[in-house]
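One structure is given below, encoded as structure tokens.
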Amino acid sequence: MTRRLISLALIVWLLGFVWFGVSMPQPAEPERTDAIVVPTGSEGRIPRGLDLLGKGNAAKMLVSGVDVNVRPEEFAAEYDVPQRLMDCCITLGFKALDTRGNARETAEWMAENEFVSMRLVTADWHMRRAALELEGRLPADTRILRDAVHTQPSLSTLFLEYHKFLATWLAQTF
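Written as structure tokens, this is what we have:
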């Protein structure tokens, strides 16, 4: 009986990993939300968020988890952001060190601005866990539009992220 339970657990784990790697989240269609939130990390996230902000898909954008040594002027120069856009519409968040911290920082920022909808822009492999962390912090009626940036993650990245996702899901479920 013990062997069967262990075998079943391994099969469920393996099928879950296959699902995780094969059915990664996709980019979202253009749709207006109150805000765009971009956790720092892999390439493509910030340019995607800035592009959407520039096209009027949201009024404001939070970049969460910015290194404390980055100054707004450096960010603007790095991503060729006009000063008027930096002044009116972009908040650099310096509090977060990880995905859980991004969720805390985002929840505070969303509440301060009284936003009820947001577009989460992050890597496809990171989307499930980032959204799960946010759902645990934001009010239940907050709409989260998942907008995944397509990447080519390594097997080790997928393996590690799958286990982080499982741990987050288990912690929130039980």
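So the sequence shown is numbered by my numbering: it starts at 97 and just counts up by one.
The beta carbon of each residue, even a glycine, is placed where N, CA and C say it ideally should be.
Point to revise | Closest residue to residue 153 among 195, 214 and 229 (Cα-Cα distance) | key: One-based indexing of the sequence shown puts residue 153 at position 57. 214 is the residue among 195, 214 and 229 whose C-alpha sits nearest the C-alpha of residue 153.
**Study point:** Length of the line joining the Cα atoms of residue 119 and residue 179
**Key:** Numbered from 1 along the sequence shown, position 23 holds the residue referred to as residue 119. Numbered from 1 along the sequence shown, position 83 holds the residue referred to as residue 179. Their backbone Cα atoms lie some 39 Å apart in a straight line.
Review point. For residue 234, which residues of its own chain have a beta-carbon under 6 Å away from its beta-carbon, when the five flanking residues on both sides are left out?
Key: Looking up residue 234 in the sequence shown gives position 138. Contacts found: 203.
Exercise for review: Check whether the Cβ atoms of residue 188 and residue 217 lie closer than 9 Å to each other.
Suggested key: Here residue 188 refers to the residue found at position 92 of the sequence shown. Here residue 217 refers to the residue found at position 121 of the sequence shown. The Cβ-Cβ distance between residue 188 and residue 217 does not fall below 9 Å.
Exercise for review: Kindly give me the distance between the Cβ atoms of residue 134 and residue 157, rounded to whole angstroms, as I take these residues to be in contact under 8 Å.
Suggested key: Taking the first residue of the sequence shown as position 1, residue 134 is located at position 38. Taking the first residue of the sequence shown as position 1, residue 157 is located at position 61. Contact holds; Cβ gap of about 7 Å.
Check your understanding: Are the region 194-209 and the region 166-177 touching, with three or more C-beta to C-beta distances below 8 Å?
Key -> no
Review point. Using 8 Å as the threshold, is the region 236-243 in touch with the region 105-124, meaning 3 or more CB pairs across them?
Key: yes
Check your understanding: By Cβ distance, which residues of its chain are closer than 6 Å to residue 224, with the 5 residues on each side in sequence left out?
Key -> Counted from its first residue, the sequence shown places residue 224 at position 128. Apart from sequence neighbours up to five positions away, the residues of its chain that approach residue 224 with a beta-carbon distance below 6 Å are 261, ordered along the chain.
Point to revise | Nearest-angstrom Cα separation, counted from residue 163 out to residue 256 | key: Position 160 of the sequence shown, counted from the first residue, corresponds to residue 256. Position 67 of the sequence shown, counted from the first residue, corresponds to residue 163. Our two residues, residue 256 and residue 163, have alpha carbons roughly 23 Å apart in a direct line.
Exercise for review: Identify whether residue 241 lies in helix, strand or coil by the three-state DSSP scheme.
Suggested key: Against the sequence shown, residue 241 aligns to sequence position 145. In the structure shown, residue 241 adopts extended strand secondary structure according to DSSP, grouped into three states.
Check your understanding: Which same chain residues, not among the five before or five after residue 183, have their C-beta less than 6 Å away from its C-beta?
Key -> Locating residue 183 in the sequence shown gives position 87, where the first residue counts as 1. Excluding five sequence positions before and after residue 183, none of the CB atoms of its chain fall closer than 6 Å to its own CB.
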